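Sequential numbering from 10 applies to the sequence shown in our numbering.
Where a beta carbon is used, it is the ideal one built from N, C-alpha and C, also for glycine.
The structure presented is a predicted model; accordingly, all values stated were derived computationally and were not measured.
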Amino acid sequence: MTDAIQQFFAALPSTSQAALIASTVTLVGAVTASFIALMGVWLTHRGNERRFARQLEHDREQKRIEREMDLRRKIYLEAAEAVVAGLGLLSRYPDLEIEKKDLGSDFFEKRNALSKVHLIGKESTVRALLSFNQELSSAVLRLSLRRNPLAEMRSGVLILDEQIQKFGAERDRMVEIMKHLNFDGNIEEHRWTFANETFEFERKRVEAAMAERKALLKKLHTEWVSFAQECFDTATSLSLLLPPAIKAVREELNLPLDYAAYMREFERAVERDHDELSRYFSALQDGNSD
10 MTDAIQQFFA ALPSTSQAAL IASTVTLVGA VTASFIALMG VWLTHRGNER RFARQLEHDR
70 EQKRIEREMD LRRKIYLEAA EAVVAGLGLL SRYPDLEIEK KDLGSDFFEK RNALSKVHLI
130 GKESTVRALL SFNQELSSAV LRLSLRRNPL AEMRSGVLIL DEQIQKFGAE RDRMVEIMKH
190 LNFDGNIEEH RWTFANETFE FERKRVEAAM AERKALLKKL HTEWVSFAQE CFDTATSLSL
250 LLPPAIKAVR EELNLPLDYA AYMREFERAV ERDHDELSRY FSALQDGNSD
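Below you can see the structure in the form of structure tokens.
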């Protein structure tokens with residue numbers, strides 16, 4: 010087959026041979042150029058696919074990070090609300106008009122957010138928040154035990170108020186009866202005796218109830234001032250546990266914080282509030298001693 014092609018090529022005129030060679034070279038060149046172009050396109054497409062795959066992976070990673078950050082922000086904001094509610098709970102304890110069952114309603118609705126931090130928080134964040142939560146739980150139990158006797162004393166004052174009104178109303182009724190007896194010129198001794206004796210009995214009961222109320226109020230005020238001061242001191246101590254948690258959370262959320270400057274301002278604010286409260290409670294104690 011090869012020999013036949015060679016004989017055919019040799020039989021051709023020299024011009025035909027040259028034309029055939031030129032055509033073959035042109036064809037080979039065209040095929041080679043097409044192959045090179047095709048390889049370029051393939052290599053470019055393969056590179057684009059790799060870059061696209063890397064871009065998709067990068068986008069997926071960025072979206073994962075953004076979703077994680079959004080989840081962290083949501084949980085940490087809810088946890089911050091729970092922390093504020095916990096400190097608010099301590100400030101509500103001195104208000105004896107609030108029923109025991111209503112004291113921690115706001116905090117109990119939000120405290121579950123603190124548990125969520127254990128699922129997503131880093132060790133430093135969980136440790137700082139756990140310390141705060143433990144101290145808060147301990148403070149709630151301790152202050153609840155101290156508050157109960159004060160609430161009972163306040164209930165005793167309210168009962169005495171009702172008794173004083175009741176005894177006073179009966180005493181005043183006897184005064185009206187005596188006025189009518191006098192106006193009618195009634196000299197029946199048993200009526201006057203009943204009115205006078207009942208009046209004296211109710212008057213003494215009013216005076217005794219008022220004296221008991223005064224003594225109970227004085228005791229309540231003294232113990233309440235001490236209790237209220239303990240509540241606010243406890244809240245202050247708990248607030249000092251928050252800066253490490255705040256620092257840890259901001260680091261997780263990539264939020265810059267000059268911690269040293271923050272601590273200076275924080276401690277200055279705590280000291281200012283403490284001084285104001287100390288003056289307030291000193292004034293209350295002085296007023297009670299009068």
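Delimiting residues of the alpha helix (DSSP H) encompassing residue i
i       : result
Ile-107 : Here Ile-107 belongs to no alpha helix (DSSP H), and DSSP marks it neither H nor E.
Pro-158 : 132 to 192
Glu-206 : 198 to 248
Leu-251 : 251 to 261
Leu-123 : 121 to 129
Residue environment, residue i, which counts as buried when at least 16 other CB atoms sit within 10 Å
i       : result
Val-184 : exposed
Asn-157 : exposed
Glu-280 : exposed
Gly-130 : buried
Ser-291 : exposed
Gly-194 : exposed
Thr-202 : exposed
Ala-91  : buried
Leu-229 : buried
Top-ranked residue by Cα proximity to residue i, from the options
i       : options                            : result
Arg-138 : Pro-265, Ser-124, Arg-273          : The displayed chain sequence assigns Leu, not Arg, to residue 138. Taking only the C-alpha atoms, the option nearest Leu-138 is Ser-124.
Ala-89  : Lys-119, Leu-80, Phe-241           : Lys-119
Arg-163 : Glu-209, Asp-115, Lys-223, Gly-113 : Lys-223
Ala-122 : Arg-81, Leu-154, Asp-104, Ile-107  : Arg-81
Glu-211 : Ala-269, Phe-176, Leu-96           : Phe-176
Val-166 : Leu-226, Glu-209, Lys-83, Ala-217  : Leu-226
Leu-159 : Gln-143, Leu-128, Lys-109          : Lys-109
Val-215 : Val-93, Asp-111, Arg-155, Asp-170  : Asp-170
Gln-238 : Tyr-102, Arg-59, Gln-64            : Tyr-102
Lys-213 : Phe-117, Asp-181, Arg-60           : Asp-181
Glu-87  : Ile-186, Phe-117, Ala-278, Arg-63  : Phe-117
Residue i and residue j closer than 9 Å at C-beta
i       : j       : result
Phe-141 : Leu-262 : no
Val-135 : Val-126 : yes
Leu-301 : Lys-256 : There is simply no residue 301 to check, as the chain begins at 10 and stops at 299 in what is shown.
Glu-197 : Leu-190 : yes
Trp-233 : Leu-152 : no
Leu-98  : Asp-115 : yes
Leu-286 : Phe-236 : no
Ala-204 : Ile-173 : no
Thr-245 : Asp-284 : no
Pro-253 : Ser-133 : yes
Thr-231 : Gln-294 : yes
Leu-112 : Ile-84  : no
Cβ-heavy atom distance, residue i to the ligand ATP, below 8 Å
i       : result
Met-183 : Ligands are entirely absent from the displayed structure, and the ligand ATP is therefore not among its contents.
Any chain D beta carbon closer than 9 Å to residue i
i      : result
Leu-98 : Among the chains in the structure shown there is no chain D, since it carries only a single protein chain.
Close beta carbons around residue i, own chain, < 6 Å, minus the five adjacent residues each side
i       : result
Thr-207 : Met-183
Arg-155 : Phe-236
Phe-18  : Reliability of the predicted coordinates at Phe-18 is poor, the pLDDT of 49 falling under 50, and no value is obtained from them.
Residues near residue i in its chain [Cβ-Cβ closer than 7 Å; skip 5 each side]
i       : result
Leu-145 : Gly-95, Leu-247
Glu-221 : Leu-169
Met-272 : Pro-252
Ile-107 : Arg-101
Arg-200 : Leu-190
Close Cβ partners of residue i (< 8 Å) along its chain, the five nearest in sequence each way excluded
i       : result
Tyr-7   : A question about residue 7 goes unanswered here, because the residues of the chain that appear run from 10 up to 299.
Phe-275 : Pro-252
Glu-75  : none
Met-187 : Trp-201, Ala-204, Asn-205, Phe-208
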